[in-house]
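Report on the structure given below.
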Amino acid sequence: MKRRDFLKALAAMGIYGAFSPFAGSKAVGNTIKKSSISGSRVKSVIEIWVWGGPSQLETFDPKPKAGFEFNGGFGAIPTNVPGVEVSQFMPKLAQHADKYSIIRSMTHKYFGHEAATYLMQTGRVPGGGRTYPAIGALFARFKGHEYQGKLPPYIALTINKGRFSENGFLSDRYRPLATGGNPAAPRFVVDGFVPPGDATAEEIRKRQEFARSLDVLGSDSPEHPEFLAFEKAGDAAQEIINGTAAQAFNLALESEETRNFYGRNKFGQSCLVARRLVEAGVPYITINATGWDTHIRHFETLNRIAPEMDQAVAALLSDLHNKKLLDQTIVWWSGEFGRTPKVDTEPPWNGGRNHFATCFSAMVAGGGFAGGKVIGESDATAANVVNRPVAPQDLLGSIYELAGINPDGELPNPIGLKTTILPQESKAGRLRELYM
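This is the structure we're talking about:
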């Protein structure tokens, strides 16, 4: 490693090392009010964010009778739950339908990525001059006091959504750590936790000592508070590298069989890392799956990316279940919206689907959500909701409730805003028919 690259990496580790004291500290502000769901056992949430908008017809709401102009000739397959079908693009998930429930009536009115993502993540209508925090940041805020690990309480694999500042008006300590790197690579380099290059932890320690020996300014003022804070951060970073925290990102500790089970690709191995982060107790993990904004050659793209999604999510649910972690882990799968029911065959789309928020699908599993159920219903082409509309606030509120966070409770914040976690008008539609 070049000296400049090493020093940059060292600085990054010092920065993220500063998260460690926060991770096990008391939450700042008002006491957390528990929801009406008493004795919540949820410790972690895995959010599978299908970035760009997955088609409802090629995932959880297939329409085999709708005609070629709507389904492209693709049909439905039965699942292991009698009467429940999913798209033929999801054969592995079809065998685990008893572990998850499907929502076929998600709906809102925002067809642009930024506005729709903001609504789906915060439960708030865009505009008004304020950026509210996303669900992951709020889990870091309200569940962080229960978490004693050294990793940040909100981790994104492997990039942030980038549509808005996810911690909103809360402190930067609640924003996600985006790992960077590629977990399918021979070495999964994680910003601030796994140093780049081939250097071992012992080599990094020696280099850190060498860097300190060159720090003339620091040696002249060893008791200065800023230098002491810098040294403390460096020590914390070294403890993370040499300790067990960073091992959550070390997929070499998994068997080849397990790694192949998830799929030897970036998304598949991200799902495996997510399971390891659940084992480490991290409260909120997002897997940002890209490539689903299929305006052009929709079916050709799905033939490439849908098998990876199908295999990895099925493996994740199966693995969590077998390790008896699913009951304490909520898994939710969604994008910001769905895709247009009718395929656009004209140039330049050539068989693409465009943005569509009027009716789309989501999936929930674990943590008190029942498996094997379907709620909501769309019409014959998945164009409109005909039964049990579900707003983003309904979905988010249900996740909060099952995790023991009162979605109607006060949201303490540094700007003195009198507000609640979700808007008060969002109470009516929560998914209580899916609670176990």
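For the sequence shown, the positions run 59 to 494 when our numbering is used.
The beta-carbon is built from N, C-alpha and C at its ideal position, and this holds for glycine as well.
All values reported here derive from a predicted model rather than from experimental measurement.
Residue i to residue j, Cα distance in whole Å?
i      : j      : result
Gly410 : Val144 : 21 Å
Ala364 : Tyr158 : 18 Å
Met148 : Gln305 : 32 Å
Ser376 : Phe325 : 16 Å
Arg488 : Asp466 : 12 Å
Leu480 : Gln451 : 7 Å
Ile160 : Ala440 : 14 Å
His166 : Val100 : 28 Å
Ile217 : Pro241 : 12 Å
Glu116 : Phe357 : 9 Å
Arg317 : Ile463 : 34 Å
Ser98  : Ala461 : 6 Å
Lys485 : Glu491 : 14 Å
Thr189 : Phe222 : 8 Å
Lys381 : Gly186 : 45 Å
Ser271 : Val183 : 54 Å
Ala332 : Gly202 : 17 Å
Gly250 : Ser328 : 17 Å
Phe200 : Ala420 : 25 Å
Lys264 : Gln482 : 55 Å
Arg245 : Ala124 : 46 Å
Phe118 : Leu475 : 39 Å
Based on DSSP bridge pairs, tell me the residues matched to residue i.
i      : result
Arg221 : Answer is none; Arg221 lacks a bridge partner.
Leu235 : Ile213
Ala423 : Tyr158, Val389
Phe418 : Met164
Thr478 : Glu468
Arg397 : His413
Val248 : Val248 pairs with nothing; no bridge assigned.
Asp437 : The partner list for Asp437 (beta bridge, DSSP) is empty, contrary to what the question assumes.
Pro136 : Glu143
Trp350 : Trp350 is not bridged to any residue.
Thr344 : Glu105, Ala214
Can you round the beta-carbon distance between residue i and residue j to whole angstroms, since I take them to be within the 8 Å contact cut?
i      : j      : result
Ala303 : Gly207 : 7 Å
Gln114 : Phe418 : 5 Å
Glu224 : Pro234 : 6 Å
Gly226 : Pro191 : 4 Å
Ala373 : Phe307 : Contact doesn't hold; Cβ gap of about 18 Å is too wide.
Lys121 : Asp368 : The Cβ separation is near 19 Å, so there is no contact.
Val336 : Ile106 : About 13 Å separates the two Cβ atoms, so there is no contact after all.
Kindly list the residues whose CB is nearer than 7 Å to the CB of residue i, restricted to its own chain and excluding five residues on each side of it in sequence; keep chain order.
i      : result
Glu394 : Gly111, His171, Ala174, Thr175, Met178
Asp156 : Asn138, Val139, Gly429, Gly430
His379 : Lys157
Within the same chain, show all residues whose beta-carbon is closer than 6 Å to that of residue i, passing over the 5 residues directly before and after it, in chain order.
i      : result
Leu454 : Gly181, Ile193
Gly87  : With a pLDDT of only 33 at Gly87, under the threshold of 50, the placement of this residue in the model should not be trusted, and no figure is reported.
Thr359 : Thr352
Val247 : Gly239, Pro254
Tyr458 : Pro465
Thr237 : Leu215, Thr216, Val248
Ser456 : Arg488, Leu489
Gln323 : Reading off the sequence, residue 323 comes out as Asn, not Gln. Cβ neighbours of Asn323 beyond the five flanking positions: Ala242, Glu366.
Ala269 : none
Thr348 : Trp109
Gly82  : Bear in mind that the predicted position of Gly82 carries a pLDDT of just 35, short of 50, making it unreliable; the figure below should be weighed with that in mind. Correct list, in chain order: Gln206.
Are the Cβ atoms of residue i and residue j separated by less than 8 Å?
i      : j      : result
Arg355 : Asn408 : yes
Ile343 : Ile213 : yes
Val22  : Trp391 : Nothing in the structure corresponds to residue 22, since the chain is present only between 59 and 494.
Tyr232 : Ala195 : yes
Leu330 : Glu315 : no
Gly426 : Phe414 : no
Pro399 : Phe169 : no
Ser102 : Pro341 : yes
Gly133 : Val401 : no
Lys219 : Asn361 : no
Val448 : Asp437 : no
Gly321 : Glu366 : yes
Gly339 : Tyr493 : no
Asn442 : Thr403 : no
Quick one: residues in its chain with C-beta nearer than 8 Å to the C-beta of residue i, no 5 flanking neighbours on either side, listed in chain order?
i      : result
Arg446 : Ser163, Ile433, Gly434, Glu435
Ile473 : Phe227
Pro136 : Val142, Glu143, Ala152
Ile388 : Val100, Ser102, Val103, Ile104, Val422, Ala423, Gly424, Gly425, Gly426, Phe427, Ile457, Leu460, Ala461
Phe197 : Val103, Pro211, Tyr212, Pro341, Tyr342, Ala461, Ile463
Check the Cβ-Cβ distances between residue i and every residue of chain C, and say whether any is below 8 Å.
i      : result
Lys382 : Included in the structure is just one protein chain, with no chain C present.
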